[in-house]
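Residue numbers (the working numbering): 8 to 130.
Just so you know, even glycine gets a beta-carbon here, dropped at the ideal spot from N, CA and C.
All values derive from a computational prediction rather than experimental measurement.
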């Protein structure tokens with residue numbers, strides 16, 4: 008069986024996995040990501056929805072805008088995923104909800120115009 012990447016929420020109520028591959032990973036500085044996560048940015052890994060599955064529990068869905076849905080654990084609040092109408096075949100997973108986030112260093116930054124001035128590479 009192919010090795011799968013695993014992750015889930017803080018409390019363990021929701022677990023997921025996906026096929027190992029070389030997926031796009033980014034730090035998103037948009038104001039919605041900041042507000043939803045209460046963090047200066049969110050690190051995401053983007054992958055085809057067909058490679059992803061929840062293995063335990065189901066996340067709560069939030070319609071965060073007219074074009075996007077976000078998913079989080081209803082028990083502990085951990086942000087888990089993002090899906091947009093622009094890319095209906097893809098899902099974006101929060102890198103820090105992975106069991107081994109150190110293996111998914113973000114390779115790009117998006118929404119740089121929204122980046123907080125005090126966020127630096129050394130932060």
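query	result
Would DSSP call residue 18 helix, strand or coil?	coil
Return the Cβ separation of residue 56 and residue 97 in integer angstroms, given the expectation that the two are a contact with Cβ distance under 8 Å.	6 Å
Taking only the alpha-carbon atoms, compute the straight-line gap between residue 78 and residue 67 and give it to the nearest angstrom.	6 Å
Just curious, the alpha helix (DSSP H) that residue 91 is in, first and last residue?	Not the alpha helix (DSSP H): residue 91 falls in the beta strand (DSSP E), residues 86-91.
Would you tell me roughly how many angstroms separate the C-alpha atoms of residue 10 and residue 26, rounded to the nearest one?	7 Å
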